[in-house]
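Remarks on the structure that follows.
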Amino acid sequence: MTNNDIPAYRTKKKVHIHTWHRRAGLIAACFALILAFSGLLLNHSTYLGLDKRQLESDMLISLYGSKSLTRQLYFRAGEDIVSQIGDQLLINNEQLWLNRQSILGATSNRKYITLAFSNELATFTHDGELLERITYLPQPITAIEKIGRDTEGRVALFSEGIVLVADLDMISWDPVKKDTSITWSKPITASDVSKQPPETDLLYPELTWERLLLDIHSGRILGSWGPYLMDIMALAMVFLVFTGLWRWWKLQKIARTN
Amino acid sequence: MASLLTLPLILNSTAVSAGDVYQQPSDFIDEAFGGVTVPSKVIWLSKTLQDSIREIMGHPYPSLRIRYWQNNHKTAWILDEVGKKRPITTGIVINTNKIERLKVLVYRESRGNEIRHPFFTDQFMQIGLQSDLELDRHIDGITGATLSVRAMKKLARVALYLHRIVTNDK
């Protein structure tokens, strides 16, 4: 084939652009499909419930490692062990609740188990049902420093030298009487805990299908280099647009000439 | 025990975090009753109450009881409902079956906190509850805060419903 046989617009220089347009298209096609599908699903993630559905597959969860489990706190509350692993609160290794704040302590009596955070209390029955989240701290306490119990099992709170004791139903609070002996909750070490739950049994509340789709869409699912790869694909698509428009313009020009 | 634990975990599957605190619940309660100390009470959420709350919120309230403060025909409530992913802590004061005040106390979502502004919360002033547990007036939404607005409306309805229960006001 001589240059006379090659269509006029397809000189060596233009074949170069045409070929690269095709190559870029083939490579970008796969990523375009991924972006299109993940984008479609993300646009309707709330309607589809993807923002609430947690990942359950061990393989998918393993992509995220166990970074969310770095915080581990343990407290003894009577006969029970209350632990916080990541955001998850467990009692005797059974999942109980989720709270981003660090637990300060835990105490229990025959009725309830109470967990203390700096600005709230959470009280559970021994069956694990949430009795109440107490976000209104008893006056004059504004930030809890310690939680404990007296000899009768009543919950005590300490803050800036003030000690308040609740009734057994945790409804009202009164200043502690003199000479009342309070046992304050203290953290114990992981080695004091006889058995810890296997990681795969723990929920990862942030690992929803929406999160996975976002990471796929952005390329982060591939690690720290993933976004750069997506950047390259984005630039490839921009390249496709401009080379495609250039080709179209050239063909229009030739058509008009002919 | 695992099955009993599943329900509160599901309902509390959105992890609680500190969030933006616009007013401490204790200060809200103090203001509600003009600085007068009012002891708190609790209302236990029976099956009947939870059924009505489920009708309003789409799910039962995730605790066995709710704390409130009452002085004659005025009650004050501190309630939580999830917007998109995190609970919004809201204070609601009701007087004679009408909302006297509604305020976002703690907001934990990444966006949508426009609901804390008076231009939105003032819409709830003097709003009441119909017999079908719907609000008796329309509430304008906020673009980009649909789920937070929806949460506020649910909490207003729940508070009005519970106020009716504890005061026997009709």
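In order, the protein sequence lines correspond to chains A and B.
Count along the first sequence from 1, then add 67; that gives the number in our numbering.
Count along the second sequence from 1, then add 149; that gives the number in our numbering.
By construction, the Cβ of each residue, glycine as well, lies at the ideal position given by its N, Cα and C atoms.
Quick caveat: nothing in here was measured; it's all calculated off a predicted structure.
Notebook entry, point to check: Of the residues A/I238, A/T250 and A/L197, which one's Cα is nearest the Cα of A/R216?
Noted result: For the purposes of this step, residue 216 of chain A is taken as the residue at position 149 of the first sequence. Comparing Cα positions, the closest option is A/T250.
Check: Do the region 282 to 292 of chain B and the region 170 to 179 of chain B meet, that is, are 3 or more Cβ pairs less than 8 Å apart?
Finding: Contact between the region 282 to 292 of chain B and the region 170 to 179 of chain B is absent: fewer than three C-beta pairs spanning the two stretches fall below 8 Å.
Next item on the list: Could you list the residues in the region 231 to 242 of chain B with a C-beta less than 8 Å from some C-beta on chain A, going in chain order?
Entry: K233, K234 and T238
Check: For a contact meaning CB atoms closer than 7 Å, what does A/T202 contact in chain B?
Finding: Within the first sequence, the letter at position 135 stands for residue 202 of chain A. Ordered by position in chain B, the residues that pass the 7 Å Cβ test against A/T202 are P174, I227 and T238.
Checklist line | From A/G293, A/G220 and A/R200, residue whose alpha carbon lies closest to that of A/L165 | finding: Within the first sequence, residue 165 of chain A is the residue found at index 98, counting from 1. Checked all of A/G293, A/G220 and A/R200; the closest Cα to A/L165 is A/R200.
Check: B/G232: buried (16+ other C-beta within 10 angstroms of its C-beta) or exposed?
Finding: Translated into positions along the second sequence, residue 232 of chain B becomes position 83. Looking at its Cβ environment, which holds 16 or more other Cβ atoms inside 10 Å, B/G232 is buried.
Check: Are there 16 or more other CB atoms within 10 angstroms of the CB of B/A300, so buried, or fewer, so exposed?
Finding: As a working note, residue 300 of chain B is residue 151 in the second sequence. By the neighbour-count criterion, in which 16 or more other beta carbons inside 10 Å mark a residue as buried, B/A300 falls on the buried side.
Checklist line | Where B/D289 falls: helix, strand or coil (DSSP) | finding: The residue you call residue 289 of chain B lines up with position 140 of the second sequence. The answer is coil: DSSP assigns B/D289 none of H, G, I, E or B.
Margin query: What does DSSP give as the partner residue(s) for A/T190 in the beta ladder?
Written below: Start at 1 with the first residue of the first sequence, and residue 190 of chain A comes out as number 123. A/T181 and A/E199.
Check: Quick one: which chain A residues come within Cβ less than 7 Å of B/S97?
Finding: The question about residue 97 of chain B has no answer, for chain B in this structure spans 150 to 319.
Item checked: C-alpha gap between A/L274 and B/D229, whole angstroms -> Against the first sequence, residue 274 of chain A aligns to sequence position 207. Against the second sequence, residue 229 of chain B aligns to sequence position 80. A/L274 and B/D229: Cα-Cα distance of roughly 23 Å.
Item checked: Beta-bridge partners of A/A223, as assigned by DSSP -> For this step, residue 223 of chain A is matched to residue 156 along the first sequence. A/G215 and A/V232.
Next item on the list: Under 8 Å between beta-carbons, which chain A residues line up against B/S189? List them in chain order, please.
Entry: Locating residue 189 of chain B in the second sequence gives position 40, where the first residue counts as 1. Result: Y203, I238 and S239.
Margin query: Using CA atoms only, rank isn't needed, just tell me which of A/I288, A/A322, A/W313 and A/W276 is closest to A/S124.
Written below: Counting from 1 along the first sequence, the entry for residue 124 of chain A is found at position 57. Out of A/I288, A/A322, A/W313 and A/W276, A/W276 has the C-alpha closest to the C-alpha of A/S124.
Checklist line | Cα-Cα separation, A/G172 to A/E187 | finding: In the first sequence, counting from the first residue as 1, residue 172 of chain A sits at position 105. In the first sequence, counting from the first residue as 1, residue 187 of chain A sits at position 120. Each residue's CA atom was taken as its position, placing A/G172 and A/E187 some 12 Å apart.
Item checked: Assigned secondary structure, B/N244 (DSSP; H/G/I helix, E/B strand, else coil) -> Working through the second sequence from its first residue, we reach residue 244 of chain B at position 95. Collapsing the DSSP output to three states places B/N244 in a strand.
Note to self: Any C-beta of chain A within less than 8 Å: which residues of the region 282 to 304 of chain B qualify?
What the structure shows: L296
Item checked: Neighbourhood of A/S112 by C-beta, 6 Å cutoff - its chain only, sequence neighbours within 5 removed -> Taking the first residue of the first sequence as position 1, residue 112 of chain A is located at position 45. Hits under 6 Å: D118 and E277.
Checklist line | In chain order, each beta strand (DSSP E) run of at least 3 residues that lies wholly inside the region 109 to 179 of chain A | finding: 139 to 144, 147 to 152, 155 to 158, 161 to 165 and 172 to 175
Item checked: Backbone CA spacing between A/Q121 and B/G277 [nearest angstrom] -> The residue given as residue 121 of chain A occupies position 54 in the first sequence. The residue given as residue 277 of chain B occupies position 128 in the second sequence. Rounded to whole angstroms, A/Q121 to B/G277 spans 37 Å at the Cα level.
Checklist line | Limits of the beta strand (DSSP E) - the one that B/L228 falls within | finding: Residue numbering aside, residue 228 of chain B sits at position 79 when the second sequence is read from its first letter. Note, B/L228: beta strand (DSSP E), K223 to V231.
Item checked: Bounding residues of the beta strand (DSSP E) (the contiguous stretch that carries A/I249) -> By one-based count along the first sequence, residue 249 of chain A stands at place 182. Where A/I249 is concerned, the enclosing beta strand (DSSP E) starts and stops at I249 to W251.
Check: In whole angstroms, what separates the C-alpha of A/L318 from that of A/A301?
Finding: As a position in the first sequence, residue 318 of chain A is number 251, starting the count at 1. As a position in the first sequence, residue 301 of chain A is number 234, starting the count at 1. Computed Cα separation, rounded: 26 Å.
Next item on the list: Using only alpha-carbon positions, find the residue among A/N325, A/I321, A/A322 and A/F309 that is nearest to A/H85.
Entry: Against the first sequence, residue 85 of chain A aligns to sequence position 18. Comparing Cα positions, the closest option is A/F309.
Notebook entry, point to check: At least one CB of chain B closer than 7 Å to the CB of A/Q139: is that the case?
Noted result: Along the first sequence, read from residue 1 onward, the residue named residue 139 of chain A stands at position 72. So no, A/Q139 is outside the interface.
Checklist line | Proximity winner among B/P174, B/G168 and B/R313, relative to B/T245 (alpha-carbon distances) | finding: Residue numbering aside, residue 245 of chain B sits at position 96 when the second sequence is read from its first letter. Ranking B/P174, B/G168 and B/R313 by Cα distance to B/T245 puts B/R313 first.
Notebook entry, point to check: Which residue or residues does DSSP assign as beta-bridge partners of A/W240?
Noted result: Here the question's residue 240 of chain A lines up with position 173 in the first sequence. In DSSP, A/W240 forms a bridge with A/A233.
Next item on the list: State the beta-bridge partners of B/R216 as determined by DSSP.
Entry: Taking the second sequence and counting its residues from 1, the one referred to as residue 216 of chain B is at position 67. Paired residue(s): B/V191.
Next item on the list: Mind checking who B/I237 pairs with in its DSSP beta bridge?
Entry: Here the question's residue 237 of chain B lines up with position 88 in the second sequence. BP columns for B/I237 point to B/E230.
Next item on the list: Compare the C-beta of A/Q319 against all C-beta atoms of chain B and say whether one is closer than 7 Å.
Entry: By 1-based counting over the first sequence, the position of residue 319 of chain A is 252. False, the Cβ-Cβ gap to chain B never drops below 7 Å.
Check: By Cβ distance, which residues of its chain are closer than 6 Å to A/F225, with the 5 residues on each side in sequence left out?
Finding: One-based indexing of the first sequence puts residue 225 of chain A at position 158. Closer than 6 Å at the Cβ level, and outside the excluded window around A/F225, lie E212 and K213.
Item checked: Chain-ordered chain A contacts of B/I178 [CB-CB under 7 Å] -> Counting from one through the second sequence, the residue named residue 178 of chain B turns up at place 29. Going along chain A in sequence order, the residues near B/I178 (Cβ under 7 Å) are Y203.
Note to self: If you measure between the beta carbons of A/A303 and A/A96, is that distance less than 7 Å?
What the structure shows: Translated into positions along the first sequence, residue 303 of chain A becomes position 236. Translated into positions along the first sequence, residue 96 of chain A becomes position 29. No, the Cβ-Cβ distance between A/A303 and A/A96 is not below 7 Å.
Next item on the list: Please compile the residues from chain B whose C-beta is within a distance smaller than 7 Å of the C-beta of A/Q206.
Entry: Locating residue 206 of chain A in the first sequence gives position 139, counting from the first residue. Per Cβ cutoff of 7 Å: S175.
Next item on the list: Could you list the residues in the region 243 to 259 of chain B with a C-beta less than 7 Å from some C-beta on chain A, going in chain order?
Entry: The residues in question: there are none.
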